[in-house]
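Asks: Below you will find the structure I want to go over with you.
There are 2 protein chains.
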Amino acid sequence: MPVLVNGRATGLDPLDRGLQYGDGLFETIAVHDGRARFLEAHLERLAEGARRLALPSPDPERLSGQIAAAWPDGRGVVKLVWTRGPAGRGYRPPLSPEPTCIAAGFAWPEWPASAWSEGVRVRYCRTRLGSNPVLAGIKHLNRLEQVLARAEWDDEHIAEGLMLDTMGQVISGTQSNLFAVVAGRLATPALDQCGVAGVMRRAVCGWAADLGNQVAECGLRPEALETASEIFVTNALIGAWPVRELAGRQLPPGPLAAGFNAWLAERT
Amino acid sequence: MPVLVNGRATGLDPLDRGLQYGDGLFETIAVHDGRARFLEAHLERLAEGARRLALPSPDPERLSGQIAAAWPDGRGVVKLVWTRGPAGRGYRPPLSPEPTCIAAGFAWPEWPASAWSEGVRVRYCRTRLGSNPVLAGIKHLNRLEQVLARAEWDDEHIAEGLMLDTMGQVISGTQSNLFAVVAGRLATPALDQCGVAGVMRRAVCGWAADLGNQVAECGLRPEALETASEIFVTNALIGAWPVRELAGRQLPPGPLAAGFNAWLAERT
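In order, the protein sequences belong to chains Y and R.
All the letters of the first sequence, read from the start, carry residue numbers 1 to 268 under the working numbering.
All the letters of the second sequence, read from the start, carry residue numbers 1 to 268 under the working numbering.
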């Protein structure tokens, strides 16, 4: 698992603001046959996050090179981290930051094929997502809420935990976005107050729109999910996993997750 | 400025969860004559944060040694960072984490004496603090809200910015706690939903209680601050700075900040 800091094998400054404040962004990218999947969408989200945090924008070509260096061929995962770089003490961002780029390669995770064919079991987490529009949607490094939520269970048969915001709306999984067919309509939680707007979420919305099925971005309460005819979770690595059990309620794997996964497999 | 990672001069792993997720805690400690001020309170808050995040608790003796190594004598600042250590990809905390301890020494900041004698100018920030009881009060590494708030102004004559929560309550400065005398009573914002419970805030509350003046921990709206007869901000380095101007409104430096600073100077 190669880990490169600004293209070199070592040298992360302990005073990097990425560590001191979580002052940065990241992307988790699937690599197939040495090619980064949805590379453009990942780089666009990173650029949007940089704009929102007033970070220097990364150079797409340089990032592509880092991804290739971290995982040169075959199937794997590259995690890119882009921080405001090293600085002295104090929250105030430096006037001329020198961003840090970390690219880490990981082997492709082993998941049972049944996660796609039969679906996965999902629970609700107690840990809530705090609301803050200035941070909502982007994939920044402040992830303690997800860490605490993921620490809530160690039953290997539970694949994901859903997180609510402090108002009781369902927002996402700890590491995935959520889709549900409610009253015949495909919906996904709005992410204007919290949550991460995933690259695979965007792909699902684009795929559905191409089929004339506009995804509703809206508030979704647990009671609405109880009536859903289909639920699935998505992220950049898994594509879409049908939810076959949510907090004890059984569901059949639905046609939309299967349809999307088939489209995704054809595409990559 | 010595920076030690687990007691050594280098060697921070880029996969440290402190950087990957902000999965850790920190303390900013004033050192006078080579002695860490309020050391016990700092270590207690760190231990409380570790308990809340289910992090291994740091060994107080080892931390004291790290502080001494980072700033061996004279007057300075030591920033301690305590993370869940390096791990693979994924939010789930490792079963047996090996925490990282970073101790960085900094020269004492230069502030004009007038900050204490005449007071400072303070503004309101647009960036809000998201609410989350599971993270409220502790000094964790997820600090993007403070970074964005502190980036809102570059007028050197403004010493601090006050931050509101998403409900419109005033919570704290970007790097300080807030006290105000409202209707004759010393009050400080309750920190059960967001904010950091500062070591100097605790010292002020203890000092006031010893004088028979229990500090009210309550909700404080900007309108209440408009009627305050005295306002001051505190942190571990500055002690208490009287607020002489808040968002354009002038105030006289009050007796409580002066009294507390006199007590603090006598004590250290």
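Don't be surprised by glycine CBs; every beta carbon is placed ideally from N, CA and C.
Taking 7 Å as the threshold (beta carbon to beta carbon), is residue 23 of chain Y in contact with chain R?
Replies: For residue 23 of chain Y, the answer is yes, since a Cβ of chain R falls inside 7 Å of its Cβ.
Asks: Residues bridged to residue 16 of chain R by DSSP?
Replies: Looking at the DSSP assignment, residue 16 of chain R forms a beta bridge with R/86.
Asks: Using 10 angstroms around the beta-carbon of residue 116 of chain Y, count the other beta-carbons present and answer buried if the total reaches 16, otherwise exposed.
Replies: That one is buried.
Asks: Going residue by residue through the stretch 46 to 112 of chain R, where are the continuous beta strand (DSSP E) segments of at least 3 residues, counting only ones entirely within it?
Replies: You should have 76 to 83 and 100 to 107.
Asks: Whole-angstrom Cβ separation of residue 215 of chain R and residue 234 of chain R, contact assumed at under 8 Å?
Replies: Wrong, their Cβ atoms sit about 11 Å apart, outside the cutoff.
Asks: Counting only Cβ pairs nearer than 7 Å, list the residues of chain Y close to residue 272 of chain R.
Replies: Not covered by the structure: residue 272 of chain R. The range shown for chain R is 1 to 268.
Asks: Using CA atoms only, rank isn't needed, just tell me which of R/142, R/86 and R/92 is closest to residue 156 of chain Y.
Replies: Residue R/92 is the option with its Cα nearest to residue 156 of chain Y.
Asks: Would you check if there are 3 or more beta carbon pairs closer than 8 Å linking the stretch 33 to 51 of chain R to the stretch 60 to 79 of chain R?
Replies: Yes, they touch.
Asks: Do the CB positions of residue 103 of chain R and residue 192 of chain R come within less than 7 Å of each other?
Replies: Not closer than 7 Å, so no.
Asks: If we cut at 7 Å on Cβ distances, does residue 117 of chain Y have a partner in chain R?
Replies: So no, residue 117 of chain Y is outside the interface.
Asks: Taking only beta-carbon atoms, is residue 134 of chain R less than 7 Å away from chain Y?
Replies: True, the Cβ-Cβ gap to chain Y drops below 7 Å.
Asks: Starting from residue 179 of chain Y, find everything on chain R with Cβ-Cβ shorter than 7 Å and list it in chain order.
Replies: In chain order: nothing, as chain R lies at least about 21 Å away.
Asks: Does any CB atom of chain Y fall closer than 7 Å to the CB of residue 3 of chain R?
Replies: True, the Cβ-Cβ gap to chain Y drops below 7 Å.
Asks: List the DSSP bridge partners of residue 163 of chain Y.
Replies: Y/172, per the DSSP bridge assignment.
Asks: DSSP three-state label for residue 233 of chain R, please.
Replies: The answer is strand: DSSP assigns residue 233 of chain R an E or B state.
Asks: Candidates R/14, R/9, R/8 and R/5: which alpha carbon is nearest residue 9 of chain Y's?
Replies: Nearest of R/14, R/9, R/8 and R/5 to residue 9 of chain Y, Cα basis: R/14.
Asks: What does residue 18 of chain Y touch in chain R if you count any residue whose Cβ is under 7 Å from its own?
Replies: Residues of chain R passing the Cβ test: 19.
Asks: Check each candidate in R/76, R/98 and R/106 and name the one with the smallest Cα separation from residue 87 of chain Y.
Replies: The residue with the shortest Cα to Cα distance from residue 87 of chain Y is R/106.
Asks: Looking at chain Y, is there any beta carbon in it that lies within less than 7 Å of the beta carbon of residue 38 of chain R?
Replies: It does not: the Cβ of residue 38 of chain R has no partner Cβ on chain Y nearer than 7 Å.
Asks: Which residues of the stretch 217 to 246 of chain Y have a Cβ closer than 9 Å to any Cβ of chain R? Give them in chain order.
Replies: Cβ contacts with chain R come from no residue of the stretch 217 to 246 of chain Y.
Asks: Could you tell me whether the Cβ atoms of residue 75 of chain Y and residue 32 of chain Y are closer together than 7 Å?
Replies: Yes, Cβ-Cβ distance for residue 75 of chain Y and residue 32 of chain Y is below 7 Å.
Asks: In whole angstroms, what separates the C-alpha of residue 255 of chain R from that of residue 121 of chain R?
Replies: When rounded, the distance between both Cα atoms is 18 Å.
Asks: Output yes if chain R places a C-beta closer than 7 Å to the C-beta of residue 157 of chain Y; else output no.
Replies: Cβ-Cβ to chain R under 7 Å: no for residue 157 of chain Y.
Asks: What first and last residue would you give for the beta strand (DSSP E) that runs through residue 246 of chain Y?
Replies: Segment 239 to 246, the beta strand (DSSP E) holding residue 246 of chain Y.
Asks: The beta strand (DSSP E) spanning residue 123 of chain R covers which residue range?
Replies: It spans 120 to 124 - the beta strand (DSSP E) in which residue 123 of chain R sits, taken as one unbroken run.
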